[in-house]
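Enquirer:
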Amino acid sequence: MKKAVLLVALIGILGVSVASTQARGNRPALETETISVSGSAVVDDWGRVAVRSGNHTYHLMPAFALPETVEIASGDRVELTGYEMPGPRFGVDEGDHFIRAIELTVGGRTYVLDSATRGSHMRGGRGGRPGGDDFSRSPQGRDDHGRHGEVRRAPRR
Numbered sequence: 030m031k032k033a034v035l036l037v038a039l040i041g042i043l044g045v046s047v048a049s050t051q052a053r054g055n056r057p058a059l060e061t062e063t064i065s066v067s068g069s070a071v072v073d074d075w076g077r078v079a080v081r082s083g084n085h086t087y088h089l090m091p092a093f094a095l096p097e098t099v100e101i102a103s104g105d106r107v108e109l110t111g112y113e114m115p116g117p118r119f120g121v122d123e124g125d126h127f128i129r130a131i132e133l134t135v136g137g138r139t140y141v142l143d144s145a146t147r148g149s150h151m152r153g154g155r156g157g158r159p160g161g162d163d164f165s166r167s168p169q170g171r172d173d174h175g176r177h178g179e180v181r182r183a184p185r186r
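The opening residue of the sequence shown carries number 30 in our numbering; numbering runs sequentially from there.
(1) So, at 7 Å on beta carbons, what are the nonlocal neighbours of serine 82 in its own chain, with the 5 sequence-adjacent residues on each side left out?
(2) Tell me the DSSP bridge mates of methionine 30?
(3) Grab me the residues of histidine 85's own chain with a C-beta within less than 7 Å of its C-beta, minus the 5 sequence neighbours each way, in chain order.
(4) Which residues share a DSSP beta bridge with arginine 77?
(5) For threonine 134, which residues from the same chain have a beta carbon less than 6 Å from its beta carbon, with the 5 sequence-adjacent residues on both sides left out?
(6) Have a look at leucine 43 and lysine 31 and give me their C-alpha separation to the nearest angstrom.
(7) Cβ of threonine 139 within 8 Å of Cβ of threonine 63?
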């Protein structure tokens, strides 16, 4: 009897722990088509950049790469191309969107953001492999496997 009660209790605890690790609700899939947005730049005190276009605000990702590569100030006219990404689950206004920018034009100067291709952090970029399709990590324009590609970098200050 004790073994049966213990077995039922262990199965119940296991079931609760497995069910509680799953996220609540579904997240949208990543977009595979690029979108283009133009509007005015909004830069907050932390240096994060957003583009306001009509009633929508498009937050740029990866925001950590912009301050060192792009000279941008609030009110600048901005055109960007990128992939729309799911944002955080909470604390987002109705008209907020998040874009992983791959190309940004500020004041007639176009920046190709290579970190958007590689992706942020350790998991790599689009296409499921570390490095994505970016060939700009070496001065010779070769990727880690020796393949040639176009060297595209955003200008540095």
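The beta carbon of each residue, even a glycine, is placed where N, CA and C say it ideally should be. Note that the structure is predicted; figures quoted are calculated from it, not measured.
Expert: This is what the structure holds:
(1) The answer, listed in chain order, is Val66, Ser67, Gly68.
(2) By DSSP's assignment, methionine 30 forms no beta bridge with any residue.
(3) Answer for histidine 85: Gly124, His126, listed in chain order.
(4) Arginine 77 is not bridged to any residue.
(5) Excluding residues within five positions, the ones whose Cβ falls inside 6 Å are Glu108.
(6) When rounded, the separation of the alpha-carbon atoms in leucine 43 and lysine 31 is 18 Å.
(7) With contacts defined as CB atoms closer than 8 Å, threonine 139 and threonine 63 fail to qualify as a contacting pair.
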